[in-house]
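Heads up: take any position in the first sequence, counting from 1, add 34, and you land on this note's numbering. Comments concern the structure below.
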Amino acid sequence: MEENKASLNFIEQIIENDLKNGKNNSRVHTRFPPEPNGYLHIGHAKSICLNFGMAEKYNGLCNLRFDDTNPTKEDVEYVDSIIEDVKWLGFDWGDRLYYASDYFDRMYDLAVEMIKKGKAFVCDLSAEEVSAMRGTPSIPSQASPYRTRSVEENLDLFARMKAGEFPDGSKTLRAKVSLDSPNMQMRDPAMYRIRHAHHHRTGSKWCIYPMYDWAHGLEDSIEGITHSLCTLEFENHRPLYDWYLNEAGVYRPQQIEFARLNLSYTVMSKRKLLELVQEKFVSGWDDPRMPTISGMRRRGYTPESLRAFSDRIGIAKRNNVIDVAMLEHSVREDLNKRAKRVMAVIDPLKVTIKNYPEGHVEELEAVNNPEDESAGTRMIPFSKQIYIEREDFMEDAPKKFFRLAPGREVRLRYAYFITCEEVIKDENGHIVELICTYDPLSKGGKSPDGRKVKGTLHWVDATNNIKAQVRVYDRLFTVADPDGDKEKSYKELLNPDSLSIIDQAFVEPSVANAEVLSYYQFERLGYFNIDKDSSKEKMIFNKTVGLKDSWAKENVG
RNA sequence: UGACCCAUGGUGUAACUGGCAACACGUUUGAUUUUGGUUCAAAAGAGUCCAGGUUCGAGCCCUGGUGGGUCAACCA
35 MEENKASLNF IEQIIENDLK NGKNNSRVHT RFPPEPNGYL HIGHAKSICL
85 NFGMAEKYNG LCNLRFDDTN PTKEDVEYVD SIIEDVKWLG FDWGDRLYYA
135 SDYFDRMYDL AVEMIKKGKA FVCDLSAEEV SAMRGTPSIP SQASPYRTRS
185 VEENLDLFAR MKAGEFPDGS KTLRAKVSLD SPNMQMRDPA MYRIRHAHHH
235 RTGSKWCIYP MYDWAHGLED SIEGITHSLC TLEFENHRPL YDWYLNEAGV
285 YRPQQIEFAR LNLSYTVMSK RKLLELVQEK FVSGWDDPRM PTISGMRRRG
335 YTPESLRAFS DRIGIAKRNN VIDVAMLEHS VREDLNKRAK RVMAVIDPLK
385 VTIKNYPEGH VEELEAVNNP EDESAGTRMI PFSKQIYIER EDFMEDAPKK
435 FFRLAPGREV RLRYAYFITC EEVIKDENGH IVELICTYDP LSKGGKSPDG
485 RKVKGTLHWV DATNNIKAQV RVYDRLFTVA DPDGDKEKSY KELLNPDSLS
535 IIDQAFVEPS VANAEVLSYY QFERLGYFNI DKDSSKEKMI FNKTVGLKDS
585 WAKENVG
């Protein structure tokens, strides 16, 4: 691996500087700290790649830690999916799988110390009252009337909060930080709230739960994290992060903020993704149209492509919107090297070759992957009747149309040259069949006389094939910035045609025994993989992404 | 309104910490091609938000604007 010193991102620069100065004994230790309240998405992938990537690059460690401090929103279902997704992306946290909830006792003890130091107090104000007394950035807060409670009373009350003597919302433990800081995070923030709720790990042991700011820094501190990487919206929290750790008198990691990922034509907030799932706009968290890692996996994205994408987009502090084309390029690049080529017809048009012997079937050799000779070859059946793609025929074809048209000759890939002799239509004028002739000397796709044809079509034999369902996806939203519209909710901007199901597609027989998730290139169409709903009896393919198509582009313009 | 952060081709990131802006995606053109794919070659496209200042020299430093983001949950 060659490191290019000239193109470090700002976090690498900080780390290398720390390393040079011997900070933290020249140790790098990061963590990926998801809250298990939803499925991971491509934005998390960026963070995962960053955190694990920094540890990898600088011979450090990266922990996987669940920030499970809010039992009302969290669930083991999410824990399981997150573990699966991070693992699938190809990262290894060794035996360092941690839970914030494992530190609850420690956090509680430290909170007691904070009370003893006069840095925290039990407050009886309701959420509404606190809000009303909060002031504004330029107007100081009114002090809570409970701010001056004695240490003894605070200690007693806090212990009774823990013991479950008070109902939800009746009391909080608040830090005594400031009443007039222009940084609103510093205005006597809550450290603990009462929640008589079942926690997915600690059950009913606790009825008070620490707030993010109090908990997160301690989690980082306990684990000996050196660089605590998080997104920009926590920038205003950094002074509080530092304050808590300094007041608690414990080791303080360095929090560094970077810009989260935004992708065009998608929404990225967990809340919105949850709504799409709950309100059935999609089939689930792993719907292939979702930007979730599980959705993208099901869609046919590879972990390598996601990691390559993360590398490509970089790390910085400026708000950004990455073009989905960048993501699509990353999958194509990976799949081009790895996907086995196969022929499939999605919108079939029957072709009868009138001079081909009736009842005869021959096997033709086809290359599995022109990018990888070791992938070998396979045989494909061919006979008098085949299907071609409907869009590969045009009755009144312009000069630049290289495909089949009346009187024109094209190559059937790996098979023969055929010429269109006749167009058969039904009573409504719809084309139902093409009658063609073939050149028996052009077997394999080469003509002995050196005659050139511009077009090569994919095809599938009309009788020896597999009938499959193909699910074709388009972007989930019709506009590049679905949450940027002031009038319309993102839900009104959903693309009604984001999913089209084709029940009668034909695929060559060689895919018969393929396993779920295996990916293919359907020649000239795009990359497809086998959906988890697929079975031997009914194969189902998902379209991952199309091939680049300069003909389609020309047609639009 | 106050604090904090950000500002470089259409998009995203760079520019060895001051030496006349590079890479990727996208776009266009040409070559090759049994995938209108891939590959290869080339081109167009920013003079770095604005105004001052420091300097022989500024995208990098300073000042003041402008624009954008974040924060005023008992969410994270």
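Note that the Cβ used here is the ideal one computed from N, Cα and C, for glycine as well. As the structure is a computational prediction, the values presented were derived from the model and not from experiment.
Option nearest residue i by Cα separation, candidates the options
| i | options | result |
| --- | --- | --- |
| residue 560 | 391, 141, 375 | 375 |
| residue 213 | 520, 76, 174 | 174 |
| residue 66 | 72, 505, 270, 80 | 80 |
| residue 542 | 498, 182, 331 | 498 |
| residue 167 | 187, 223, 546 | 223 |
| residue 353 | 298, 390, 399 | 298 |
| residue 85 | 60, 70, 49 | 49 |
| residue 380 | 535, 487, 138 | 535 |
| residue 336 | 89, 512, 552 | 552 |
| residue 371 | 41, 554, 51, 184 | 554 |
| residue 19 | 521, 529, 93, 237 | Nothing in the structure corresponds to residue 19, since the chain is present only between 35 and 591. |
| residue 158 | 367, 183, 409 | 183 |
| residue 274 | 252, 257, 256 | 252 |
| residue 564 | 549, 454, 355, 404 | 549 |
| residue 152 | 407, 325, 455, 185 | 185 |
| residue 245 | 278, 257, 264, 239 | 278 |
Residues of its chain near residue i, where Cβ-Cβ distance is below 6 Å and the 5 sequence neighbours each way are ignored
| i | result |
| --- | --- |
| residue 68 | 116 |
| residue 581 | 560 |
| residue 58 | 260 |
| residue 242 | 195, 196, 226, 228 |
| residue 395 | 415, 417 |
| residue 254 | 262, 287 |
9 Å Cβ cutoff met for residue i and residue j
| i | j | result |
| --- | --- | --- |
| residue 496 | residue 540 | yes |
| residue 387 | residue 494 | no |
| residue 383 | residue 445 | no |
| residue 181 | residue 221 | no |
| residue 234 | residue 102 | yes |
| residue 315 | residue 525 | yes |
| residue 438 | residue 475 | no |
| residue 330 | residue 347 | no |
| residue 206 | residue 156 | yes |
| residue 94 | residue 61 | yes |
| residue 487 | residue 562 | no |
| residue 64 | residue 365 | no |
8 Å Cβ shell around residue i - same chain, five flanking residues per side excluded
| i | result |
| --- | --- |
| residue 351 | 44, 266, 291, 292, 293 |
| residue 308 | 72 |
| residue 400 | 375, 377, 411, 412, 413, 414, 447, 448 |
| residue 500 | 540, 541, 542, 543, 545, 546, 573 |
| residue 237 | none |
| residue 392 | 418 |
As assigned by DSSP and simplified to three states, the class of residue i
| i | result |
| --- | --- |
| residue 16 | Shown here, the chain extends from 35 to 591; a query on residue 16 therefore has no answer. |
| residue 148 | helix |
| residue 324 | coil |
| residue 382 | strand |
| residue 241 | coil |
| residue 417 | strand |
| residue 503 | strand |
| residue 248 | helix |
| residue 550 | coil |
| residue 582 | coil |
| residue 132 | strand |
| residue 210 | coil |
| residue 127 | coil |
| residue 233 | strand |
| residue 527 | helix |
| residue 176 | coil |
| residue 600 | Nothing about residue 600 can be read from this structure; the chain reaches only from 35 to 591. |
| residue 521 | coil |
| residue 190 | helix |
| residue 449 | coil |
Cut-off 7 Å between Cβ atoms - residues of its own chain near residue i, not counting five sequence neighbours on either side
| i | result |
| --- | --- |
| residue 271 | 219, 247 |
| residue 231 | 105, 106 |
| residue 77 | 294, 295, 302 |
| residue 532 | 323, 507, 508, 509, 510 |
| residue 160 | 203 |
| residue 119 | 74, 327, 328 |
| residue 70 | 100, 102, 108, 109, 112, 113, 116 |
| residue 368 | 336, 338, 339, 342 |
| residue 425 | 381 |
**Item:** Minimum length 4: unbroken alpha helix (DSSP H) runs contained in the segment 263-351
**Value:** Counting whole runs of 4 or more residues, the segment 263-351 contains the alpha helix (DSSP H) stretches 272-282, 304-312, 327-333, 337-347.
**Request:** Note down, one range per segment and in chain order, each beta strand (DSSP E) of at least 3 residues found wholly within the segment 61-119.
**Result:** The qualifying runs are 63-66, 95-100.
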